[in-house]
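As structure tokens, the structure follows; a few thoughts come after it.
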Amino acid sequence: MGMLFSPFTIKGLTLPNRLMRSATFEQAAQKDGEVSPRELAIYRDLALGGVGLIVSGIVNVCEAGRISPRQNSLSRDEDIPGMAGLAREVHEQGGKVAVQLFHAGREAARRHAWQGGGPAVGPSASEGEGHFPYPNRALREEEILQVAQDFATAAGRAREAGFDAVQVHAAHAYLLAQFLSPHANRREDRWGGSLENRLRLHLEVLSAIRTQVGPEFPVMFKLGVADGFPGGLSLEDGLRAAQLLALAGCDCLEISQGLRGESYAQSEFRTKVDRPGNEAYFRAWAAEVKKRVAVPVAAVGGVRTPEMAEEILARGDADLVALSRPLISEPGLPARWQKGDRRRARCVSCNKCFEQIMQGRYIACVLDRKDTNS
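Letter 18 of the sequence shown, counting from 1, is numbered 354 in my numbering, and no numbers are missing.
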């Protein structure tokens with residue numbers, strides 16, 4: 337019998353299997369960030385679909401870190417009841433759910449199309465460059481410390497709302513990935529320069545969250561261990577960052593990419609995942625992290641068959657396998673595989689689901705979409 341559908345425990349949280357729903361931004365919240373009926377239906381289907389742990393879509397920890405008006409929030413106490421309803425929906429279907437805590441950093445500049453206002457913030461000031469043409473200003477020392485506290489306060493709200501864990505988003509070009517990358521972080525103070533300085537915000541966030549939620553609540557990180565282009569974060573530095581986070585008390589590491597390049601091939605959502613050689617494209621990174629840390633590691637990126645998932649686990653490359661796009665197309669995929677239907681995921685990795693986000697619509701597989709307006 338394979339390992340995929342065996343139980344697994346993260347810091348006292350026992351999961352029924354080793355499949356994770358990797359955090360996926362649905363852009364389905366109400367316009368004020370409140371949980372919507374559509375979101376409740378999405379999470380209900382995921383829980384019924386049998387995935388071991390659901391990680392929520394991005395949830396902003398402060399208004400400056402928001403990237404969309406239809407993004408959930410835990411930046412205010414008033415956000416707790418709605419998010420508690422989402423956690424309750426998952427639990428009533430027998431599922432487990434973590435909140436992904438998020439700050440967009442300079443990527444929030446994309447919000448100006450809907451919000452306006454001053455420039456976004458990042459580790460270093462920029463007038464825009466290359467594939468990211470938006471200006472941003474540098475965070476001040478006191479603002480950086482406030483960001484760490486914002487993550488911690490949001491984590492406390494997540495626990496109060498009944499979530500089973502939190503995951504800090506430190507990948508995919510967002511604020512913590514910006515701090516870790518020497519391409520985006522050109523500071524000359526204690527927050528920039530050396531790897532230890534560029535990782536300082538991650539460690540401050542982890543420490544502040546741990547103080548807020550206590551020693552027994554699972555705190556995970558989604559960590560980008562290399563950028564998608566030359567001259568950014570090196571894999572060597574990314575692997576050392578993973579080690580330092582694990583030593584500092586992170587309970588689980590999901591391994592992905594840091595800053596994105598200019599194409600899908602230089603991003604976390606690659607296309608043409610249609611044969612074994614193209615599957616599991618971050619597997620090698622996860623395996624290298626796994627060799628270096630004593631905490632659970634999740635592999636994400638292009639897993640489309642139960643055979644590949646089982647192989648990753650059997651060879652010790654990771655402890656968990658995370659899926660995003662396949663569960664957009666087919667939330668019941670884990671249950672299908674567990675029942676013996678081992679056909680590959682329906683998802684063809686076309687990215688039309690994510691392209692709808694860029695058009696201001698909620699995420700959905702285009703093979704299923706029935707509406708035309710929202």
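All residues carry an ideal CB built from backbone N, CA and C; glycine is no exception. Note that the structure is a prediction, hence the values are computed from the model and not measured.
In the structure shown, F487 adopts helical secondary structure according to DSSP, grouped into three states. Here the stretch 392 to 401 does not lie against the stretch 458 to 473, with fewer than 3 beta-carbon pairs under 8 Å apart.
In the three-state reduction of the DSSP assignment, I390 falls in the strand class. In this structure, A520 lies near L595, with their beta-carbon atoms less than 9 Å apart.
In the structure shown, R424 adopts helical secondary structure according to DSSP, grouped into three states. Its chain contains N472 as the residues whose beta carbon lies nearer than 6 Å to that of S462, once the 5 sequence neighbours on both sides are disregarded; these appear in chain order. Positions of the beta strand (DSSP E) runs, each at least 3 residues long and wholly inside the stretch 460 to 536, are given as 472 to 474, 501 to 506 in order along the chain. A buried status is given to G418, since no fewer than 16 other beta-carbon atoms sit within 10 Å of its beta-carbon. Look at S543 here: in three-state DSSP terms it is helix. A distance below 9 Å separates the beta carbons of F499 and A423. Counting C-beta pairs closer than 8 Å gives fewer than three between the stretch 568 to 586 and the stretch 650 to 669, which falls short of the contact rule. Following the DSSP letters along the chain, one finds A400 in no alpha helix (DSSP H), marked with neither H nor E. Taking C-beta atoms as the reference points, A634 and I664 fail to come closer than 9 Å. Non-local beta-carbon contacts of A420 in its own chain, meaning distances under 6 Å to residues more than five positions away in sequence, involve A497, G498 in chain order. Minimum Cα-Cα distance from Q593 among the listed residues D587, Y617, A584 corresponds to Y617.
In this structure, L389 and M356 form a Cβ contact; the two beta carbons are roughly 5 Å apart against a cut-off of 8 Å.
The residue among E524, L437, A582, D525 with its C-alpha nearest the C-alpha of Y510 is L437. In the same chain as P667, and ignoring 5 residues on each side of it, the C-beta atoms closer than 7 Å to its own belong to D381, L382, G385, in chain order. In the DSSP assignment, Q436 forms a beta bridge with I394, Q503. Per DSSP, reduced to three states, the secondary structure at K626 is helical. When the beta-carbon positions are compared, D486 and G401 come within less than 9 Å of each other.
Taking 9 Å as the cut-off, the Cβ atoms of N408 and E443 do not count as close. A distance below 7 Å between beta-carbons, with the five flanking residues on each side excluded, links V629 to the following residues of its chain, in chain order: A578, Q579, A582, L589. For A359, same chain residues with a beta-carbon under 8 Å away, outside a window of 5 residues either side, are V391, S392, G393, I394, Q436, Q503, H505, K558, S660 in chain order. Assigned with DSSP and collapsed to three states, E615 falls in coil, not helix or strand.
Taking the C-beta atoms as reference points, R495 is found no nearer than 9 Å to D415.
If the five residues before and after G568 are omitted, its C-beta is found closer than 6 Å to the C-beta atoms of S517, H519, L595, all from its own chain and listed in chain order.
For E590, there is no enclosing alpha helix (DSSP H); the residue is part of the beta strand (DSSP E) that begins and ends at 588 to 592. For R672, the enclosing alpha helix (DSSP H) has its first and last residue at 669 to 674.
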